[in-house]
Amino acid sequence: MKPIYAVVDLETTGTDAAVDRIIQFGCVLVQDGKVINRFATDINPDRRISRQIQNLTHITNQQVKQAPYFEDVADIIFNLLSNTIFVAHNIYFDYQFLSNELVRCGLPALTIPGIDTVELAQVFLPTESSFRLGDLADSIGFVHENPHQADSDAEVTAALLMYIEAIMKELPRTTLKQIALLSGQMGMQTSAFIHAVLKETATTLPDGLEEVDGIVLRKKESKMFAYNHYHKPYPEVKAEKMAQFGPHLAYRKQQARLMNAVYNHYSQAEKNLILEAETGMGKTIGYLFPAAYFATPDNPMIVSTSSILLQNQIMDKDVPLVNQVLDQPIQATVIKSHRHYIDLQRFKATLDQPVDQKQYAQYQMGILVWLTKTISGDFDELNLVRLDHPIFTEIRHRGLEFLSDKQAFYRHDFLRHVYQQAAQSNVLIVNHAFLLQETRRREPLLPASDYLLIDEAQQLPSQAEGLSQYSFDSAYFKRQYLQFNEEGLFDQAANVLDQEQQILPLFNLYRDALAVLIDTQEDFFGSLDLASDVNQVLQRTDLFRNDVDQDRTYRKLILYYQEITEMQQRLQHDFTELHVRITAQQRLLIARLLDYFEQFQRQAYTVTTWLDSWHPRYVHWLKLHPNQRTATIELADLEGKQVSESIWYQRYSHIIFLGGTLRIPGNKTYYAQQIGIPETPVKTIPAFYDYEKQARLYVVKQGISIQQASTDEYADFLAEALTPLLFEQKQPTLVLFTAHDTLKAVYDRLHKKALNQGRELIAQGTGGSREKILKKFLLAENGLLFGTNSFWEGVDLPGQSLKIAVVTRLPFENPQNPLVKARHQYLTAQGIDTFKEDALPKAILRLRQALGRLIRSEKDAGVMVVLDRRLLSTKYGKRMVKGLPKKLPLIEATPSEMTEDIRHFFEQENQSLL
Numbered sequence: 000m001k002p003i004y005a006v007v008d009l010e011t012t013g014t015d016a017a018v019d020r021i022i023q024f025g026c027v028l029v030q031d032g033k034v035i036n037r038f039a040t041d042i043n044p045d046r047r048i049s050r051q052i053q054n055l056t057h058i059t060n061q062q063v064k065q066a067p068y069f070e071d072v073a074d075i076i077f078n079l080l081s082n083t084i085f086v087a088h089n090i091y092f093d094y095q096f097l098s099n100e101l102v103r104c105g106l107p108a109l110t111i112p113g114i115d116t117v118e119l120a121q122v123f124l125p126t127e128s129s130f131r132l133g134d135l136a137d138s139i140g141f142v143h144e145n146p147h148q149a150d151s152d153a154e155v156t157a158a159l160l161m162y163i164e165a166i167m168k169e170l171p172r173t174t175l176k177q178i179a180l181l182s183g184q185m186g187m188q189t190s191a192f193i194h195a196v197l198k199e200t201a202t203t204l205p206d207g208l209e210e211v212d213g214i215v216l217r218k219k220e221s222k223m224f225a226y227n228h229y230h231k232p233y234p235e236v237k238a239e240k241m242a243q244f245g246p247h248l249a250y251r252k253q254q255a256r257l258m259n260a261v262y263n264h265y266s267q268a269e270k271n272l273i274l275e276a277e278t279g280m281g282k283t284i285g286y287l288f289p290a291a292y293f294a295t296p297d298n299p300m301i302v303s304t305s306s307i308l309l310q311n312q313i314m315d316k317d318v319p320l321v322n323q324v325l326d327q328p329i330q331a332t333v334i335k336s337h338r339h340y341i342d343l344q345r346f347k348a349t350l351d352q353p354v355d356q357k358q359y360a361q362y363q364m365g366i367l368v369w370l371t372k373t374i375s376g377d378f379d380e381l382n383l384v385r386l387d388h389p390i391f392t393e394i395r396h397r398g399l400e401f402l403s404d405k406q407a408f409y410r411h412d413f414l415r416h417v418y419q420q421a422a423q424s425n426v427l428i429v430n431h432a433f434l435l436q437e438t439r440r441r442e443p444l445l446p447a448s449d450y451l452l453i454d455e456a457q458q459l460p461s462q463a464e465g466l467s468q469y470s471f472d473s474a475y476f477k478r479q480y481l482q483f484n485e486e487g488l489f490d491q492a493a494n495v496l497d498q499e500q501q502i503l504p505l506f507n508l509y510r511d512a513l514a515v516l517i518d519t520q521e522d523f524f525g526s527l528d529l530a531s532d533v534n535q536v537l538q539r540t541d542l543f544r545n546d547v548d549q550d551r552t553y554r555k556l557i558l559y560y561q562e563i564t565e566m567q568q569r570l571q572h573d574f575t576e577l578h579v580r581i582t583a584q585q586r587l588l589i590a591r592l593l594d595y596f597e598q599f600q601r602q603a604y605t606v607t608t609w610l611d612s613w614h615p616r617y618v619h620w621l622k623l624h625p626n627q628r629t630a631t632i633e634l635a636d637l638e639g640k641q642v643s644e645s646i647w648y649q650r651y652s653h654i655i656f657l658g659g660t661l662r663i664p665g666n667k668t669y670y671a672q673q674i675g676i677p678e679t680p681v682k683t684i685p686a687f688y689d690y691e692k693q694a695r696l697y698v699v700k701q702g703i704s705i706q707q708a709s710t711d712e713y714a715d716f717l718a719e720a721l722t723p724l725l726f727e728q729k730q731p732t733l734v735l736f737t738a739h740d741t742l743k744a745v746y747d748r749l750h751k752k753a754l755n756q757g758r759e760l761i762a763q764g765t766g767g768s769r770e771k772i773l774k775k776f777l778l779a780e781n782g783l784l785f786g787t788n789s790f791w792e793g794v795d796l797p798g799q800s801l802k803i804a805v806v807t808r809l810p811f812e813n814p815q816n817p818l819v820k821a822r823h824q825y826l827t828a829q830g831i832d833t834f835k836e837d838a839l840p841k842a843i844l845r846l847r848q849a850l851g852r853l854i855r856s857e858k859d860a861g862v863m864v865v866l867d868r869r870l871l872s873t874k875y876g877k878r879m880v881k882g883l884p885k886k887l888p889l890i891e892a893t894p895s896e897m898t899e900d901i902r903h904f905f906e907q908e909n910q911s912l913l
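Quick note: the sequence shown uses numbering that gives the first Met the number 0, first residue 0, plus one each step.
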């Protein structure tokens, strides 16, 4: 007889089983993939239900007033669950809470087996962006009429269980068997469920899959570029474009101008073009369409954009769309750093040497499922994994140079496949960080070409500046070395190399050289006559005092870094050859060493550049530790954003810098000067949005003197101003701060109020990466998001997902920030007015970018609120206003007046769409 699964959900007055009570019980009985019975009831908790719980569950005190007490239904529930397998979404809460309540009513504690659908989903649905029940229901397509109602949640959980069971049965038997072997770490009897399903799995390998060295993979297809020899000329005029677009693509005047600008620049002699075009006009199609008429695999167009998210969006959304109207379809490949891809050989080694840790095993199981689906091997497909977890450190790719054609997975390697496809593609899609790193690589990974287009170009300078900052902590480096010795890592590696007479002597020499380097480094820092525990900016004369011993130590330090770097390069090559002759456990050991090599290489660059580069463009920080023999050093290159000095810049004959905010009023060449190509022509494709109808700018009527107010006074002011804006209307809202301390202070004042209002307040710094926070905000209904610097720009929140952006303070950089301070000193030394030429232009662009979060198409409507009176009360504030669209309505109002006006604005906008 098939087992009966009792799929249960509880709603309670809180999460503490000792004091809280059940207010709703729902149960769906499932047998042999079918629902055989249902039971649900409200329960009187004999206490008040808080406003927060009422908002979450929509269960009111009035609703449960006439409901039975739990004592009245305890026997029914206990008998219902007898001889079943208990199933819940996060079983650890529901099972224990219900068991405690049964015991309280004089019944035995629950002892029936249980299954957790959260853990099952994390393993068998590894690419989902959220494992919350409601989000899974939306993603899969289940009807979930009443989230946080026990009967509805139980129904959806039952459907989820059956859905996952069906997926499990479709998996290759080899894969499910491996998962079953790893599943002992899973909670309750979830592992037993997997073993039971395994017995029903077919032994035949499904089409499209292949088994390689015990791991089942989806077969990859190598797509050759197909030249269309009947190739039409580029359609320059409107009639030609409309004929080409047909029913698939609407003709848009501004987009057509962009297409022509891109095509014409790549057909002319001029190297650079700065092209400002508003976001939302279809920029991506605007440059992909003309690319089909000149780009080939031998001479591809390189497209660089600001984020991995946008890389994927171009590939998944825009390339298929534009290919519908092209005679010569674009063949594109997304290229990312090797760290984004799984190394199958190293993953196999982890399966051969299991780790007794639940999260580790759970990731292994999810990856096994994912490998039957993915053709890219890109970790970004696993939306919710933590890539800093040890397993991803162990299995991430190290680059093509670490592969050997003798390895079992060589022909199936994902990174090799990426570059094989790149060689057959006429468009290569990278991100700015990848492009900028080309300057540091020994050998470039991208081909030289006539065509480079930098999309979201407004973000290139800040990303270049960020990559031009380096830091090194010599105490951490020493601790890591000592830890490796204590763990026996170096001894174990020497044992592995014992039979390798050509490698072992070099490795022993390398190991000894590291110890000498650490001592030499300590001698150097110990020779410095500087205060300890103070982060200070240094000049060369602060560091070097014409001391003969110090000079000798300095030269030895540079020499050791050079010698050890050369040893590592030779050992890396030898280890790659060795890979096929050693065991899986030994390969993991060597992998840790290779990680260490990679880290040391970055360190060597940082230390040697810090010691040797004393041009005014370089800022040196030093913080001696209290022992006076270790230190933290930092280096910043203030000219790091000068693209003309970059190696990658020299490799492209024609470059277009394309972005939505590249100019400021009165200074058309600001962006060109920022990146070191001041003579570059600038073209603008004007906005087509009806800002008078689509948007509003509100400025607070009665503000606060921000510079004179205390931290608490300022936080109180913002909390009071934000209260009506956030809680008296229901629109997705982004609140932008310039300092995290202020964000946290305001969040602490408002997050409980948000819970009581039934609104989810998501704040940067309260859980997860920026990407994770954004996903959470996008999935929330009318979410509220607090963000700082990184949320001012480069955040793609399309369509209805953002309606209001609140600017709490004019977005100037903090002048006391050490890097900002150093940059301003550097510019002042060159006779440059740092406020007019640096601080103010950046603030203007950030304000424009904040507005750009709202209006991204002709159908969007949005409101920007500024809670800083200086926008209207100062000369520089008025100049910032001039940087915004001319027809944008500007309204001064109190927060309450704004809220009422905003509600009216969106009501009118909704009516116009009907």
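Every residue, glycine too, gets a C-beta built ideally from N, C-alpha and C. These figures come from a predicted structure and were not determined experimentally.
When you compare only the Cα positions, how much space is there between lysine 622 and arginine 662? Position 623 of the sequence shown holds residue 622. Position 663 of the sequence shown holds residue 662. A straight line joining the alpha-carbon of lysine 622 with that of arginine 662 spans about 39 Å.
Tell me whether the beta-carbon of phenylalanine 391 lies closer than 8 Å to the beta-carbon of phenylalanine 378. Here residue 391 is taken as the residue at index 392 of the sequence shown, counted from 1. Here residue 378 is taken as the residue at index 379 of the sequence shown, counted from 1. For phenylalanine 391 and phenylalanine 378, yes; Cβs fall inside 8 Å.
May I ask you to list the residues that DSSP assigns as paired with leucine 451? Counting from 1 along the sequence shown, the entry for residue 451 is found at position 452. Partner(s): Ile301 and Ile654.
Look at the alpha carbon of isoleucine 901 and the alpha carbon of arginine 845, and state the distance between them as a whole number of angstroms. Against the sequence shown, residue 901 aligns to sequence position 902. Against the sequence shown, residue 845 aligns to sequence position 846. The alpha-carbon atoms of isoleucine 901 and arginine 845 are separated by roughly 23 Å.
Since histidine 115 and isoleucine 90 are thought to touch, with beta carbons under 8 Å apart, how far apart are those beta carbons, to the nearest angstrom? To locate residue 115, count along the sequence shown from 1; it is residue 116. To locate residue 90, count along the sequence shown from 1; it is residue 91. Reading off the sequence, residue 115 comes out as aspartate, not histidine. Right, their Cβ atoms sit about 4 Å apart.
Return the CA-CA distance between threonine 189 and glutamine 53, expressed in angstroms with no decimal places. Taking the sequence shown and counting its residues from 1, one reaches residue 189 at position 190. Taking the sequence shown and counting its residues from 1, one reaches residue 53 at position 54. So the two alpha carbons sit approximately 32 Å from each other.
Would you check if the stretch 680-694 and the stretch 703-710 touch, i.e. whether three or more CB-CB distances between them fall below 8 Å? Counting C-beta pairs with one atom in each stretch, the stretch 703-710 and the stretch 680-694 have fewer than three that are closer than 8 Å, which means they do not touch.
Would you tell me roughly how many angstroms separate the C-alpha atoms of threonine 373 and leucine 216, rounded to the nearest one? For the purposes of this step, residue 373 is identified with residue 374 of the sequence shown, where counting begins at 1. For the purposes of this step, residue 216 is identified with residue 217 of the sequence shown, where counting begins at 1. In a straight line, the C-alpha of threonine 373 is about 8 Å away from that of leucine 216.
For the alpha helix (DSSP H) containing valine 681, name the first residue and the last one. The residue you call residue 681 lines up with position 682 of the sequence shown. Looking at the DSSP string, valine 681 is not in any alpha helix (DSSP H); the run it does join, the beta strand (DSSP E), is 681-684.
Can you tell me whether DSSP reads leucine 913 as helix, strand or coil? Counting from 1 along the sequence shown, the entry for residue 913 is found at position 914. Unreliable placement is indicated for leucine 913, whose pLDDT of 48 sits below 50; no coordinate value is reported for it.
Measuring only the C-alpha atoms, how far is lysine 252 from valine 27? By 1-based counting over the sequence shown, the position of residue 252 is 253. By 1-based counting over the sequence shown, the position of residue 27 is 28. Near 57 Å, if we compare the C-alpha coordinates of valine 27 and lysine 252.
Put phenylalanine 38 into one of helix, strand or coil per three-state DSSP. Here the question's residue 38 lines up with position 39 in the sequence shown. Three-state DSSP puts phenylalanine 38 in a strand.
Buried/exposed call for threonine 741, threshold 16 Cβ in 10 Å: As a first step, residue 741 is located in the sequence shown; it is residue number 742 there, counting from the start. Classification of threonine 741: buried, given that the 10 Å Cβ count is 16 or more.
CA nearest to the CA of glutamate 220, picked from Ala242, Gly25 and Val417: Here residue 220 corresponds to residue number 221 of the sequence shown, with the count starting at 1. Nearest C-alpha to glutamate 220: Val417.
Serine 303 to histidine 572 span [Cα, whole Å]: On the sequence shown, residue 303 is found 304 positions in, with the first residue counted as 1. On the sequence shown, residue 572 is found 573 positions in, with the first residue counted as 1. Serine 303 and histidine 572: Cα-Cα distance of roughly 31 Å.
So, valine 805 versus leucine 883, is the Cβ gap smaller than 8 Å? Position 806 of the sequence shown holds residue 805. Position 884 of the sequence shown holds residue 883. Against a cut-off of 8 Å, the Cβ pair of leucine 883 and valine 805 comes out as no contact.
Nearest CA to the CA of threonine 564: which residue from Asn534, Arg551 and Tyr595? Stepping through the sequence shown from its first residue, residue 564 is reached at position 565. Tyr595 is the residue among Asn534, Arg551 and Tyr595 whose C-alpha sits nearest the C-alpha of threonine 564.
Assess, as a yes-or-no matter, whether the stretch 523-534 is touched by the stretch 622-636 under the definition of 3 or more beta carbon pairs within less than 8 Å. yes
Rounded to whole angstroms, what's the CA-CA distance from proline 664 to leucine 853? Just pull it up for me. Mapped onto the sequence shown, residue 664 falls at position 665. Mapped onto the sequence shown, residue 853 falls at position 854. Taking the straight line joining both Cα atoms gives about 21 Å.
Serine 473 to arginine 539, Cα distance in whole Å? Within the sequence shown, numbered from 1, the residue matching residue 473 stands at position 474. Within the sequence shown, numbered from 1, the residue matching residue 539 stands at position 540. Serine 473 and arginine 539 have their C-alpha atoms some 20 Å from each other.
Between which two residues does the alpha helix (DSSP H) harbouring histidine 396 extend? Counted from its first residue, the sequence shown places residue 396 at position 397. From DSSP, histidine 396 is part of no alpha helix (DSSP H); its letter is neither H nor E.
Based on Cα-Cα distance, which residue from Phe599, Thr519 and Phe543 lies nearest to arginine 628? In the sequence shown, residue 628 corresponds to position 629, counting from 1. When each option's Cα is compared against that of arginine 628, the closest is Thr519.
Could you check if phenylalanine 293 belongs to the surroundings of the ligand ADP, using beta carbon to heavy atom distance under 7 Å? Ligands in the displayed structure: none, and consequently the ligand ADP is not present.
Per DSSP, which residues does glutamine 30 bridge with? Please list them. Start at 1 with the first residue of the sequence shown, and residue 30 comes out as number 31. In the DSSP output, where bridge partners are listed per residue, glutamine 30 has Ile3 and Lys33.
DSSP puts leucine 621 in a beta bridge; with which residues? Taking the first residue of the sequence shown as position 1, residue 621 is located at position 622. Looking at the DSSP assignment, leucine 621 forms a beta bridge with Gln535 and Ile632.
Going along the chain, which residues of its own chain have a beta-carbon closer than 7 Å to the beta-carbon of tyrosine 669, five neighbours each way excluded? Stepping through the sequence shown from its first residue, residue 669 is reached at position 670. Excluding residues within five positions, the ones whose Cβ falls inside 7 Å are Arg662, Ile663 and Pro840.
Hey, which unbroken runs of the beta strand (DSSP E) at 3 residues or more fall wholly within the stretch 190-222? 208-211 and 214-217
Can you find a CB in chain B that lies within less than 8 Å of the CB of glutamine 584? Checking the listed chains, one finds no chain B in this structure; it contains a single protein chain.
Are there three or more Cβ pairs, one per stretch, closer than 8 Å when the stretch 93-112 is compared with the stretch 73-83? yes
Residues sharing a beta bridge with leucine 784, DSSP: Residue 784 sits at position 785 when you count from the first residue of the sequence shown. Paired residues: Leu733 and Ile761.
When you compare the CB positions of alanine 331 and isoleucine 394, do they come within less than 8 Å of one another, or not? As a first step, residue 331 must be located in the sequence shown, where it is residue number 332. As a first step, residue 394 must be located in the sequence shown, where it is residue number 395. Taking 8 Å as the Cβ cut-off, alanine 331 and isoleucine 394 do not qualify as a contacting pair.
Could you work out which residue in Ile655, Arg616 and Leu735 is closest to glutamine 457 when comparing CA atoms only? In the sequence shown, residue 457 corresponds to position 458, counting from 1. Ranking the options by Cα distance to glutamine 457, first place goes to Ile655.
Report yes or no: do three or more beta-carbon pairs, one from the stretch 170-183 and one from the stretch 147-162, lie closer than 8 Å? no
Terminal residues of the continuous beta strand (DSSP E) containing methionine 863? As a working note, residue 863 is residue 864 in the sequence shown. Its beta strand (DSSP E) spans residues 861-865.
Aspartate 837 burial status per 10 Å Cβ neighbour count (16 or more: buried): In the sequence shown, counting from the first residue as 1, residue 837 sits at position 838. Buried, because 16 or more other Cβ atoms sit within 10 Å of the Cβ of aspartate 837.
If you draw a straight line from the C-alpha of phenylalanine 904 to the C-alpha of glycine 105, how long is it? The residue you call residue 904 lines up with position 905 of the sequence shown. The residue you call residue 105 lines up with position 106 of the sequence shown. Between the alpha carbons of phenylalanine 904 and glycine 105 lies a gap of roughly 59 Å.
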